[in-house]
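Down below is the structure, laid out as structure tokens.
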Amino acid sequence: MKNLFGRSWLIAVYTFLYIPIVTLVVYSFNASPLVTVWSEFTFKWYAALAHDTELTGGLVLSLKVALMSGLMSVFFGTFTAFALVRYRKFRGRTFLASMANAPLVMPDVIVGLSLLLMLVTVQRWFGFPERGIFTILLGHALTGTAYAAVVVMSRLREFDTRMEEAAMDLGCKPWQVFTLVTLPLIAPALISAFLLTFTLSFDDVVLAAFLSGPGSTTLPLVIFSRARLGLNPSINAIATAIITVVSIAVIASSIYQARAERRRQREMAEAYAQAN
Amino acid sequence: MAVTKDTPVREDLLRIEGLSKVFDESVRAVDDVSLRVAKGEIFALLGSSGCGKSTLLRMLAGFEAPTAGKIYLAGKDITNLPPYQRPINMMFQSYALFPHLNVWDNVAFGLRRDGMPKGDVAERVESMLKLVQLTKFAKRKPHQLSGGQQQRVALARSLAKRPQLLLLDEPLGALDKKLRESTQLELVNIIEEVGVTCVLVTHDQEEAMTMASRIAVMSEGSFKQVGSPSEIYETPNSRLVADFVGNVNIFDGQVVEDEADHVTVSCPECMHYVGHGITGTQGMAVGVALRPEKIQLLREQPQGPHNWCEGTIEDIAYFGAYTTYHLKLKTGMVLKVQQANLSRHNVQDPTWGDKVYAEWSADSMVVLTH
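For the protein sequence lines, the chains are A and B, in the order given. Residues 160 to 435 in the working numbering are what the first sequence lists, from first letter to last. Residues 1381 to 1750 in the working numbering are what the second sequence lists, from first letter to last.
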């Protein structure tokens, strides 16, 4: 009885979560331009994608911005995390710690608006920067740095500093300690920080809406503006394409991880068998 | 009795002079420590946690800068050298093996930093792995090894650069008891085979006694006694050392007779006739230390006025090879007595509540003047 209840609850939640996505995928193959009426199966919206320069341009721009802001966030976030975790006492530590976390809790609308006001003023005084890819990047790197710092900090806190001492003991100069030991050991955290900030940047509408200029419309902005004018099935098509790519990546990585874990278990069992 | 100053015959490799480390401007972790360690010696720093032994070791490795004092290695002042320029390597507590490198690369790590040619690195790593019998595990990652194997990798890694001084931080702390005993001797054999001078830190007195040729008992940042394991055990110079190393009964008493070859100490429990002279005066308050294994239990009252007392058995702890009896004396003091179990199921063995006599010889005690 309890089991039945649990299972139906699970099904209900999954249905609620995934029905919209399934509908979106199904209707990307709908011949009718009306999103709500099914007529017949077609690939024409996918074919149309190739000629829709607004959409493809948006996609390319979004990928560019996400890639660069991801890298910038990880770079600055890592330095912030090191300063906060490794250097326990310095003037302004508490200030930096709360400032680093502020973008996490601040509503995007506020961050976007304040950035816009600042950039407009700066542009009026210096004639720079023109709103466009650079300003979007600035906004995304700002929030991304905060997220990356949080991810890297949690890894650094559990980092065994004896590893670094061992490296130094064996003849590493400080920069070699960082590149040969610290960096490889925190690499998983850097990769997850990058994936997180990449994703945050890729699907951001709010900051981009404030900070984009003419000719720099990211994909979420294109989709958002089209949705207001009435949906077009080519949006479904590009969404389906993205969903496909993401699903393949997620499935591949979980298969890889499961295999690595099984291999690790087997090798450990072997090691213990040989030791005894 | 003053701190036993050992004068090694062999030449000194390590010389520490007046070394101190003060944390946060008030905590004296290491307080004016001086020490000489001879070439080829295995020296143990023994003390409970927080006694400053690890801080001292970290200063030798170069991870902590001393507040005062000097460290000389083979006559050269290395006090201000960074860790990567010292010809000293350390085997870390719980090993600190690099998890992203396999066994071979872990051992080769230090050699590569020195820019050693590839062929030489390979040759050295092979010989090190052979030394610790891990040749067939070369391609394993550390997490694929058992605790004992990891310990051997750590040893190979710290010996690979042929350091002049090897530091061991709680070398066997992460192993279980059974494995520890066999590893202790194996470790000493390898260290002696290589011939490297070694300073080890431990809180385990058995580990210090079996591995080291000399021991420094540390407490509150300074050395309380330095000497060979048997000196530390048989002639402790203070209550602290006697109490820390092994089990001990300490009687409080007063010197009533002070001669060159013997002293008599009067305690509430009994009179002690001690077969050695002391640097003290008549009437001085002293402690008499008596190890539990140096006492015999008797059924009949011993003859003579000295070195025996009467008590009731309060507790019996059976350890297999020996049994420890807790004897309650008239004064309320509990005397620990250890008897070897020489035969099986001896009906003569005392049991709970029995009234027995404890007796010991004149040369089994040490008078502690402080």
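C-beta: ideal position from N, C-alpha, C; glycine also.
So which residues of chain B does residue i contact, with C-beta pairs closer than 9 Å?
| i | result |
| --- | --- |
| Glu-426 (chain A) | Arg-1520, Lys-1521, His-1523, Gln-1524 |
| Gln-335 (chain A) | Tyr-1464, Arg-1493 |
Determine, using beta carbons only, whether residue i and residue j come nearer to each other than 8 Å.
| i | j | result |
| --- | --- | --- |
| Ile-180 (chain A) | Val-224 (chain A) | no |
| Phe-1631 (chain B) | His-1652 (chain B) | yes |
| Gly-1427 (chain B) | Ala-1409 (chain B) | no |
| Thr-1577 (chain B) | Val-1417 (chain B) | yes |
| Gly-330 (chain A) | Arg-1493 (chain B) | yes |
| Gln-1529 (chain B) | Leu-1477 (chain B) | no |
| Asn-1486 (chain B) | Arg-1438 (chain B) | no |
| Cys-1647 (chain B) | Gly-1633 (chain B) | yes |
| Ser-1610 (chain B) | Leu-1748 (chain B) | no |
| Leu-315 (chain A) | Phe-241 (chain A) | yes |
| Gln-1544 (chain B) | Pro-1616 (chain B) | no |
| Glu-1739 (chain B) | Pro-1682 (chain B) | yes |
| Val-1505 (chain B) | Ala-1540 (chain B) | yes |
| Asn-1482 (chain B) | Ala-1518 (chain B) | yes |
| Ala-1454 (chain B) | Asp-328 (chain A) | no |
| Thr-356 (chain A) | Tyr-306 (chain A) | yes |
| His-1480 (chain B) | Leu-344 (chain A) | yes |
Report the neighbours of residue i on chain B: residues whose CB is nearer than 7 Å to its CB, in chain order.
| i | result |
| --- | --- |
| Asp-328 (chain A) | Ala-1441, Pro-1463, Asn-1469, Met-1470 |
| Tyr-431 (chain A) | Ser-1526 |
So the candidates are the options; which of them puts its Cα closest to the Cα of residue i?
| i | options | result |
| --- | --- | --- |
| Leu-349 (chain A) | A:Gly-229, A:Leu-220, A:Arg-166, A:Trp-204 | A:Gly-229 |
| His-1706 (chain B) | B:Lys-1498, B:Tyr-1737, B:Gly-1700, B:Lys-1541 | B:Tyr-1737 |
| Trp-1484 (chain B) | B:Met-1745, B:Val-1501, B:Pro-1730, B:Pro-1446 | B:Val-1501 |
| Met-265 (chain A) | A:Thr-302, A:Phe-254, A:Ala-240, A:Trp-284 | A:Thr-302 |
| Tyr-1452 (chain B) | B:Ser-1406, B:Ala-1540, B:Glu-1391 | B:Glu-1391 |
| Met-258 (chain A) | A:His-210, A:Val-219, A:Gly-236 | A:Gly-236 |
| Val-309 (chain A) | A:Ser-221, A:Leu-275, A:Leu-243, A:Phe-164 | A:Leu-243 |
| Thr-1704 (chain B) | B:Gln-1676, B:Pro-1479, B:Cys-1689 | B:Gln-1676 |
| Ala-371 (chain A) | A:Gln-335, A:Arg-314, A:Leu-297, A:Gly-251 | Residue identity check: residue 371 (chain A) is Ser in the sequence provided, not Ala. Cα-wise, what sits closest to Ser-371 (chain A) is A:Leu-297. |
| Leu-222 (chain A) | A:Ser-187, A:Leu-359, A:Trp-204 | A:Leu-359 |
| Tyr-205 (chain A) | A:Ile-410, A:Asn-391, A:Arg-421 | A:Asn-391 |
| Ile-382 (chain A) | A:Phe-202, A:Ser-232, A:Met-312, A:Leu-218 | A:Leu-218 |
| Asp-1404 (chain B) | B:Thr-1447, B:Ser-1599, B:Phe-1423 | B:Thr-1447 |
| Val-311 (chain A) | A:Thr-280, A:Gly-286, A:Pro-347, A:Trp-334 | A:Pro-347 |
| Ala-1534 (chain B) | B:Leu-1545, B:Pro-1543, B:Pro-1551 | B:Pro-1551 |
| Ile-1571 (chain B) | B:Asp-1556, B:Leu-1548, B:Gly-1553, B:Gln-1585 | B:Leu-1548 |
| Gly-1575 (chain B) | B:Asp-1584, B:Arg-1542, B:Ala-1488, B:Pro-1462 | B:Arg-1542 |
| Leu-1436 (chain B) | B:Pro-1479, B:Gln-1513, B:Gln-1681, B:Thr-1582 | B:Thr-1582 |
| Met-1746 (chain B) | B:Met-1664, B:Ile-1658, B:Gly-1684 | Looking at the sequence itself, residue 1746 (chain B) is Val, so the reference to Met does not match. For Val-1746 (chain B), the nearest C-alpha among the options comes from B:Ile-1658. |
| Pro-1462 (chain B) | B:Gly-1449, B:Trp-1732, B:Ala-1445, B:Val-1636 | B:Ala-1445 |
| Asn-1629 (chain B) | B:Leu-1715, B:Trp-1740, B:Gln-1465 | B:Leu-1715 |
| Lys-1557 (chain B) | B:Asp-1584, B:Leu-1580, B:Leu-1394 | B:Asp-1584 |
| Trp-1688 (chain B) | B:Gly-1660, B:Thr-1661, B:Val-1727, B:Ala-1742 | B:Ala-1742 |
| Leu-1620 (chain B) | B:Val-1402, B:Gly-1420, B:Gly-1499, B:His-1750 | B:His-1750 |
| Thr-1692 (chain B) | B:Lys-1516, B:Ala-1588, B:Pro-1479, B:Val-1717 | B:Val-1717 |
Name the chain A residues that come within less than 9 Å of residue i, Cβ to Cβ?
| i | result |
| --- | --- |
| Phe-1478 (chain B) | Met-322, Ala-325, Ala-326, Leu-339, Val-340, Pro-343, Leu-344 |
How would you list, in chain order, the residues of chain A whose beta-carbon sits under 8 Å from the beta-carbon of residue i?
| i | result |
| --- | --- |
| Lys-1541 (chain B) | Leu-329, Gly-330 |
Quick one: list the residues of chain B neighbouring residue i, beta-carbon separation under 8 Å, in chain order.
| i | result |
| --- | --- |
| Asp-319 (chain A) | Ala-1476 |
I'd like to know if residue i contacts chain D, where contact means its C-beta is closer than 8 Å to some C-beta of that chain.
| i | result |
| --- | --- |
| Asp-211 (chain A) | Here chain D cannot be found, since the structure's protein chains are A and B. |
Item to complete: Please list the residues of the region 1483 to 1499 of chain B that have a C-beta atom closer than 8 Å to any C-beta atom in chain A, keeping them in chain order.
Response: If the cut-off is 8 Å between Cβ atoms, the region 1483 to 1499 of chain B has Phe-1489, Gly-1490, Arg-1493, Asp-1494 near chain A.
Practice prompt. Kindly confirm or deny that the region 1396 to 1415 of chain B and the region 1551 to 1563 of chain B touch, where touching means at least three C-beta pairs closer than 8 Å.
Written response: Look at the beta carbons and you see the region 1396 to 1415 of chain B not touching the region 1551 to 1563 of chain B: under three pairs across the two are nearer than 8 Å.
Discussion item. I'd like to know if the region 193 to 213 of chain A and the region 412 to 426 of chain A are in contact, where contact means that at least 3 CB-CB pairs between them fall below 8 Å.
Written reply: They do not touch, by the three-pair rule.
Discussion item. Three or more C-beta pairs under 8 Å: does that hold for the region 285 to 295 of chain A against the region 368 to 387 of chain A?
Written reply: Output reads yes: the region 368 to 387 of chain A touches the region 285 to 295 of chain A.
Discussion item. Assess contact between the region 1640 to 1659 of chain B and the region 1603 to 1613 of chain B, defined as three or more Cβ pairs (one per stretch) separated by less than 8 Å. Is contact present?
Written reply: In short, these stretches do not touch, since the Cβ pair count stays below three.
Practice prompt. Evaluate contact between the region 353 to 367 of chain A and the region 262 to 279 of chain A, counting only Cβ atoms and requiring at least three cross-stretch pairs below 8 Å.
Written response: Three or more beta-carbon pairs drawn from the region 353 to 367 of chain A and the region 262 to 279 of chain A are found closer than 8 Å, and the two stretches are therefore classed as touching.
Discussion item. Quick check: the region 420 to 428 of chain A against the region 1512 to 1529 of chain B, are at least 3 beta-carbon pairs closer than 8 Å?
Written reply: Enough Cβ pairs lie closer than 8 Å, so yes.
Worksheet item: Is the region 381 to 394 of chain A touching the region 340 to 354 of chain A, taking contact as three or more C-beta pairs under 8 Å?
Response: No: fewer than three Cβ pairs fall under 8 Å.
Item to complete: Could you tell me whether the region 1629 to 1647 of chain B touches the region 1575 to 1595 of chain B, where touching means 3 or more Cβ pairs closer than 8 Å?
Response: They do not touch, by the three-pair rule.
Worksheet entry | the region 1657 to 1669 of chain B in contact with the region 1696 to 1710 of chain B per 3-pair CB rule at 8 Å | The region 1696 to 1710 of chain B and the region 1657 to 1669 of chain B do not touch, with fewer than three beta-carbon pairs separated by less than 8 Å.
Discussion item. With a threshold of 8 Å, are at least 3 pairs of Cβ atoms found where one atom belongs to the region 1466 to 1476 of chain B and the other to the region 310 to 327 of chain A?
Written reply: The region 1466 to 1476 of chain B, when compared against the region 310 to 327 of chain A, does touch it at the 8 Å Cβ threshold.
Worksheet item: Just checking, does the region 397 to 410 of chain A make contact with the region 174 to 189 of chain A on the three C-beta pairs under 8 Å criterion?
Response: The region 397 to 410 of chain A, when compared against the region 174 to 189 of chain A, does touch it at the 8 Å Cβ threshold.
Fill in: Segment contact, 8 Å Cβ cut-off, at least three pairs: the region 1506 to 1521 of chain B with the region 404 to 412 of chain A
Contact fails: fewer than three Cβ-Cβ distances are below 8 Å.
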